[in-house]
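Each residue of the sequence shown is one higher than the last, beginning at 1 in full-length UniProt numbering. What follows is a set of notes on a single structure, which appears directly below.
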Amino acid sequence: MRYVPLDTPKPISKIGLGTWQFGSREWGYGPEYERRAAEIVRRALDLGVTLFDTAELYGFGRSERILGAALGDDRAKVVVASKIFPLLPVAPVVQQRAVASAARLGVDGIDLYQVHQANPVVADTTTMRGMRSLQDVGLVGEVGVSNYGLRRWRFAEAALGRRVLSNQVRYSMIDRGPEEDLIPYAEQAGRIVIAYSPLAQGFLSGRYDATNPPAGAVRRANPYFLPENLERGTQLIATLREVADAHDATPSQIALAYVLRHPNVVAIPGASGVEQMERNAAAAEIDLADDEYAALVAAAHAFRPVTGLAAVPRMVRARLGK
Numbered sequence: 001m002r003y004v005p006l007d008t009p010k011p012i013s014k015i016g017l018g019t020w021q022f023g024s025r026e027w028g029y030g031p032e033y034e035r036r037a038a039e040i041v042r043r044a045l046d047l048g049v050t051l052f053d054t055a056e057l058y059g060f061g062r063s064e065r066i067l068g069a070a071l072g073d074d075r076a077k078v079v080v081a082s083k084i085f086p087l088l089p090v091a092p093v094v095q096q097r098a099v100a101s102a103a104r105l106g107v108d109g110i111d112l113y114q115v116h117q118a119n120p121v122v123a124d125t126t127t128m129r130g131m132r133s134l135q136d137v138g139l140v141g142e143v144g145v146s147n148y149g150l151r152r153w154r155f156a157e158a159a160l161g162r163r164v165l166s167n168q169v170r171y172s173m174i175d176r177g178p179e180e181d182l183i184p185y186a187e188q189a190g191r192i193v194i195a196y197s198p199l200a201q202g203f204l205s206g207r208y209d210a211t212n213p214p215a216g217a218v219r220r221a222n223p224y225f226l227p228e229n230l231e232r233g234t235q236l237i238a239t240l241r242e243v244a245d246a247h248d249a250t251p252s253q254i255a256l257a258y259v260l261r262h263p264n265v266v267a268i269p270g271a272s273g274v275e276q277m278e279r280n281a282a283a284a285e286i287d288l289a290d291d292e293y294a295a296l297v298a299a300a301h302a303f304r305p306v307t308g309l310a311a312v313p314r315m316v317r318a319r320l321g322k
């Protein structure tokens, strides 16, 4: 395993484990998944993974409970990250919710406590006042944000009066917005971009095509999995396979290596089982050659999916089977 080259109390692994699916039925993993979740966490620890990300919203607290129980006595050795859902995130509420998350996780302190979304009404001045108080009493180590643009990330940091270590955003080969400003800022300022959905919810795995769409409510709600977009992604997946063959790897591992090429980026893919966790962790060791990276960039730029409002009628027809 490789780690982010930053001065943090605990090392932060380049591959973490995202646990949205823990306790959440919408992924369609079935009733046995809770038992497998514990096995995934234990194997991640064996592989040197130190970043475990959850949120109070995931499974309405169940993800935090499952993760905390699975980590057991190792909770103090790793970076446990959670997120507050920004419903009225004023200072007293931030403090109360952090206490509740810590209790569910079974920890004395949350290593990285993040604001899940920017609230359009409540200013970060009051939210960060709550975060600062949590840091002062030792309940929170580092503060992070999620789904923030660069300007608001920097404003949140000014409001906190300390570093806001991380910004957790959607980042993958086909969601490359963070490359424009967030990643350069993180590298310049000594911050971290945490990439969620680094495999575009499995689109980049090569497992799905127009004749084999995914199951589960989460993926069915993602326009990338429209039959038309799966067809449009054929060449992109072919390029991933070509690079993967050169490394004796899988397309998913190459897609992860793409985002990890940036030194201040970590990825938090989920895992449906122990074997997938092992493959994800191994991706941290893959070094892409310059020409391979250039080929992936070109293939990603050439992919033109139907998204936004244009995708809505297509998704309705796909849901109705028409």
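Don't be surprised by glycine CBs; every beta carbon is placed ideally from N, CA and C.
- Uninterrupted alpha helix (DSSP H) stretches at least 4 residues long and entirely within the region 175 to 222 occur at 182 to 189, 217 to 220, given in chain order.
- Minimum Cα-Cα distance from S252 among the listed residues Y224, G68, L204 corresponds to L204.
- Proximity of the region 54 to 69 to the region 285 to 304 falls short of the contact definition, fewer than three beta-carbon pairs being nearer than 8 Å.
- Comparing alpha carbon positions, the residue from A294, L236, A281, P305 closest to R42 is A281.
- When DSSP reads this structure, N167 sits in a beta bridge with V145, V193.
- Contact annotation: R191 and S166 have beta-carbon atoms nearer than 8 Å.
- Distances from the CA of D124 to each of I12, T250, L87 were compared; the closest alpha carbon is that of L87.
- When the five nearest sequence neighbours on each side are left out, the beta carbons in the same chain lying within less than 7 Å of the beta carbon of A299 are those of Q235, L236, T239, in order along the chain.
- Cα atoms of E285 and P92: separation of roughly 43 Å, rounded to the nearest angstrom.
- Annotation for S101: the continuous alpha helix (DSSP H) segment containing it runs 91 to 105.
- Setting aside the 5 residues that flank it on each side, R65 is surrounded in the same chain by R104, each with a C-beta closer than 7 Å to its C-beta; the list follows chain order.
- As the crow flies, the alpha-carbon of G106 is around 15 Å from that of Q96.
- Of all C-beta pairs linking the region 146 to 159 to the region 271 to 280, fewer than three are shorter than 8 Å, placing the two stretches out of contact.
- An exposed status is given to Q188, since fewer than 16 other beta-carbon atoms sit within 10 Å of its beta-carbon.
- In the three-state reduction of the DSSP assignment, F52 falls in the strand class.
- Its chain contains A37, A38, V41, R42 as the residues whose beta carbon lies nearer than 7 Å to that of A70, once the 5 sequence neighbours on both sides are disregarded; these appear in chain order.
- Per DSSP, the continuous beta strand (DSSP E) segment holding Q114 begins and ends at 110 to 115.
- Collapsing the DSSP output to three states places V297 in a helix.
- In the three-state reduction of the DSSP assignment, K83 falls in the strand class, which pools E and B.
- In this structure, DSSP gives A267 an extended state, which the three-state scheme calls strand.
- Per the C-alpha coordinates, the member of G233, V99, R163, E157 positioned closest to A302 is G233.
- For V259, the enclosing alpha helix (DSSP H) stretches over residues 251 to 260.
- Assigned with DSSP and collapsed to three states, L236 falls in helix.
- When beta bridges are read from the DSSP output, V140 appears opposite I110.
- By the criterion of a C-beta distance shorter than 8 Å, V266 is surrounded in its chain by V4, I12, S13, K14, I15, G16, L51, I192, V193, I194, A195, L260, once the five residues flanking it on both sides are discounted.
- If the five residues before and after R2 are omitted, its C-beta is found closer than 6 Å to the C-beta atoms of K14, A284, all from its own chain and listed in chain order.
- Under the three-state reduction of DSSP, L17 is assigned to strand.
- Ranked by Cα distance from S82, the options D73, R154, Q168 are led by Q168.
- As a beta-bridge residue in DSSP terms, S172 pairs with D175.
- Here the alpha carbon of E231 sits roughly 23 Å from the alpha carbon of A249.
- Considering only D181, Y185, F225, the residue with the shortest C-alpha distance to G202 is F225.
- Residue pairing by DSSP leaves Y33 without any beta bridge partner.
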